[in-house]
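**Q** Handing you a structure now.
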Amino acid sequence: SKAIKLAPLPENIAIILTQKLRRMPREVQEALSIAACFGLVVDKECLKILSESSEFGGLLPHLDYAAQSGIVADHGSNYVFTHDLVQKAAYDLIPEESLDKTHFSLGLQIITPYSNERSTDELQLTSTTFIAIEQIIASRCREIPNPTFRAPLADFLVKAGERSIEMADFPLALKYITYGLDFLGGDEAWGSNFRLSLRLHEAACLACYLNVMPRQVMTFVGKIMENTDSFVDRIKAFYVLTKTLASLGKIKEAVEKIFHILEQLGEEIPNDITPDGIMFVMESTKQLLSRFSREKLLNAPKMTDYKKLWTLRFYDLSAPYLFLVNPTYVPLVECRMAQLSVRYGLCKESAFGLFGYAQCLIQ
7 SKAIKLAPLP ENIAIILTQK LRRMPREVQE ALSIAACFGL VVDKECLKIL
57 SESSEFGGLL PHLDYAAQSG IVADHGSNYV FTHDLVQKAA YDLIPEESLD
107 KTHFSLGLQI ITPYSNERST DELQLTSTTF IAIEQIIASR CREIPNPTFR
157 APLADFLVKA GERSIEMADF PLALKYITYG LDFLGGDEAW GSNFRLSLRL
207 HEAACLACYL NVMPRQVMTF VGKIMENTDS FVDRIKAFYV LTKTLASLGK
257 IKEAVEKIFH ILEQLGEEIP NDITPDGIMF VMESTKQLLS RFSREKLLNA
307 PKMTDYKKLW TLRFYDLSAP YLFLVNPTYV PLVECRMAQL SVRYGLCKES
357 AFGLFGYAQC LIQ
């Protein structure tokens with residue numbers, strides 16, 4: 007019987023069910039219209055949270071009634087509308103002028119328990135909070151009337167944007183992050199919520215870069231520079247900026263920027279590279295590595311020094327650009343990465359440095 011319920015309904019039967027929906031009790035119609043805001047598949051966990059609120063209480067019994075009537079199917083953790091025409095008919099029961107408010111209220115009711123239970127730093131994304139975020143975005147609301155909700159919502163949205171970047175859904179990431187910036191209060195939030203505002207702008211820089219929007223990258227980088235004084239607070243923006251310059255074909259400018267940043271991180275970059283200089287760096291790297299057995303190197307601790315981590319990242323970033331504009335610097339970069347990895351611990355960029363040093367030895 008479950009397989010039959012899952013089978014697609016013919017359109018004529020869907021029309022009959024739609025007519026049946028309109029003859030149902032008002033409370034059942036209201037419950038179905040709320041469920042329809044979530045699409046064809048409705049998560050029961052979200053409905054349970056809504057049922058505990060004064061605004062949307064009593065949803066589950068009414069949806070159970072609709073399930074017995076064949077309007078929706080009960081599939082354990084979800085209710086599923088039996089046809090998209092049925093779902094649309096239920097959704098159309100909400101007056102158009104109330105749609106945005108309804109979506110916003112649904113998202114806020116679902117996400118509120120999560121934001122109340124823990125501090126902003128501890129907020130975690132779940133499938134339920136993602137559903138809540140989608141409801142808030144569906145409302146097309148760009149401002150939060152209650153200021154106490156601004157930071158938690160912006161925090162959820164920047165985390166959702168970062169997760170979307172990890173999943174390579176770059177347009178969705180940019181949408182989440184843009185809403186997060188709006189909810190937090192835009193430029194005014196730098197004074198009241200500096201760390202979250204910085205994180206949102208850093209995420210916006212990366213999302214714009216990944217969506218091939220160089221002008222927007224420059225805009226967000228500019229805002230970070232205007233509102234920060236610490237070099238450490240600017241380092242992620244510098245990283246995206248150099249990648250953006252390179253993507254625009256400004257390879258030499260990108261390399262110059264990277265070298266300038268590396269000097270600010272405490273590295274000494276020579277103006278000229280000579281064969282004797284390369285041999286000296288390789289020999290010193292060899293002596294340093296000779297103190298480590300293979301086992302000791304493989305079991306080396308992880309790099310934890312924040313500035314050294316970024317030093318490795320900028321060296322790693324520079325290598326492919328140097329191959330194009332000044333390949334004589336490449337052995338220096340690879341040896342320096344190997345040296346830092348041995349002294350301060352390993353990170354994922356260490357692999358390139360150690361591999362590059364080995365390649366230099368072979369050549």
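Letter by letter, the sequence shown follows residues 7 to 369 of the working numbering. The C-beta atom is built at its ideal place from N, Cα and C for all residues, glycine as well.
Alpha carbon to alpha carbon, how far is Y327 from I257? Give it in angstroms, no decimals.
**A** Straight-line Cα distance between these residues: approximately 6 angstroms.
**Q** Can you tell me whether E355 is buried or exposed, with buried defined as 16 or more other CB within 10 angstroms of its CB?
**A** Buried.
**Q** Could you tell me which whole alpha helix (DSSP H) segments of length 4 or greater appear in the segment 138-188?
**A** Counting whole runs of 4 or more residues, the segment 138-188 contains the alpha helix (DSSP H) stretches 156-172.
**Q** Report yes if the CB atom of A213 is closer than 8 angstroms to the CB atom of I171, and no otherwise.
**A** Going by C-beta atoms, A213 is nearer than 8 angstroms to I171.
**Q** Quick check: the segment 262-277 against the segment 216-236, are at least 3 beta-carbon pairs closer than 8 angstroms?
**A** No: fewer than three Cβ pairs fall under 8 angstroms.
**Q** Reducing DSSP to helix, strand and coil, say where V218 ends up.
**A** V218 falls in the coil class under three-state DSSP.
**Q** Roughly how many angstroms separate the alpha carbons of G186 and L303, rounded to a whole number?
**A** One C-alpha to the other measures close to 43 angstroms.
**Q** Could you give the distance in angstroms between the alpha-carbon of E168 and the alpha-carbon of S133?
**A** If I take the Cα positions, the gap works out to 15 angstroms.
**Q** Helix, strand or coil, according to DSSP, for F110 in the structure here?
**A** DSSP places F110 in helix when its eight states are reduced to three.
**Q** Ignore the nearest five residues each way along the sequence and tell me which others in D106's own chain have a CB closer than 7 angstroms to its CB.
**A** For D106, where only same-chain residues beyond five positions count, the Cβ hits under 7 angstroms are S145, R146, C147.
**Q** Whole angstroms are fine: how far does the CA of C52 sit from the CA of G63?
**A** Taking the straight line joining both Cα atoms gives about 12 angstroms.
**Q** Nearest CA to the CA of C43: which residue from R297, L338, F286, Q93?
**A** Of R297, L338, F286, Q93, the residue nearest in Cα terms is Q93.
**Q** Taking just the CA atoms, how far does S83 sit from E194?
**A** One C-alpha to the other measures close to 42 angstroms.
**Q** At least one CB of chain D closer than 8 angstroms to the CB of A72: is that the case?
**A** The structure shown contains no chain D; it is built from a single protein chain.
**Q** Output needed for A138: all residues of its chain with C-beta closer than 6 angstroms, excluding positions within five of it in sequence on either side, in chain order.
**A** If we look at A138 and ignore the five residues flanking it on each side, its Cβ neighbours are G113, I116, I117.
**Q** Quickly, what does DSSP pair A79 with across the bridge? List them, please.
**A** A79 is bridged to V86.
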